[in-house]
Amino acid sequence: MNQELKVKVIKLSGIVNTTNSQELRENITNLLESGAKTVLVDCQDVTFMDSSALGALVLAFKTLRAADTKLVLCSINEQVRILFELTGMDKVFEIFPNQDKFNEVALSKN
Numbered sequence: 085m086n087q088e089l090k091v092k093v094i095k096l097s098g099i100v101n102t103t104n105s106q107e108l109r110e111n112i113t114n115l116l117e118s119g120a121k122t123v124l125v126d127c128q129d130v131t132f133m134d135s136s137a138l139g140a141l142v143l144a145f146k147t148l149r150a151a152d153t154k155l156v157l158c159s160i161n162e163q164v165r166i167l168f169e170l171t172g173m174d175k176v177f178e179i180f181p182n183q184d185k186f187n188e189v190a191l192s193k194n
């Protein structure tokens, strides 16, 4: 049985902080309705992320996991990587160097 890979991509850009973290979480959790099995958050264009944005990602991660959907990240910059490492979230989230690498791994699992 060939199951279609249901991946939805959210591209973040600029500064992700208190101002837009609530919207980020809602955008991610709304993808559950689309039947996505994996949500890829592409951070390539993010210049800065604060702890409230990280909190929003963690809440979204928990919501998706409860619905048997994965939340993964790719293309995080040095500032975001340090935030994740300091909080130990780099052990929680699966983080890919870029979308191509994610696609490679995702396709090899099918």
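Mind the numbering: the sequence shown is residues 85 to 194 in the numbering used here, read in order.
For glycine and all other residues, C-beta sits at the position ideal for the given N, C-alpha and C.
CB contact flag (residue i, residue j, <9 Å)
| i | j | result |
| --- | --- | --- |
| LEU116 | ILE94 | no |
| PHE132 | LEU157 | no |
| LEU141 | LEU155 | yes |
Selection from the options that minimises the alpha carbon distance to residue i
| i | options | result |
| --- | --- | --- |
| CYS127 | VAL176, GLY139, ILE179 and ILE160 | ILE160 |
| GLY98 | PRO181, ASP134, LYS92 and VAL91 | ASP134 |
| THR153 | SER136, ASP184, GLN183 and ALA120 | ALA120 |
| GLU178 | ASN104, GLU110, VAL123 and THR113 | VAL123 |
| SER118 | LEU148, ASN182 and ASN104 | LEU148 |
| THR171 | VAL130, SER136, LYS92 and VAL100 | SER136 |
| LEU167 | VAL100, SER192 and GLU107 | VAL100 |
| LYS146 | LEU96, VAL176 and ASP184 | VAL176 |
| VAL125 | VAL189, ALA190, GLN183 and LYS193 | GLN183 |
Whole-angstrom C-beta distance between residue j and residue i, which should lie under 8 Å
| i | j | result |
| --- | --- | --- |
| ARG109 | ALA151 | Not really, about 14 Å apart at Cβ, beyond 8 Å. |
| VAL130 | VAL91 | Going by Cβ atoms, the distance from VAL130 to VAL91 rounds to 19 Å, so no, they are not a contact pair. |
Residues that residue i bridges to, as DSSP identifies them
| i | result |
| --- | --- |
| VAL156 | LEU124 and GLU178 |
| SER97 | ASP129 |
| LYS92 | VAL123 |
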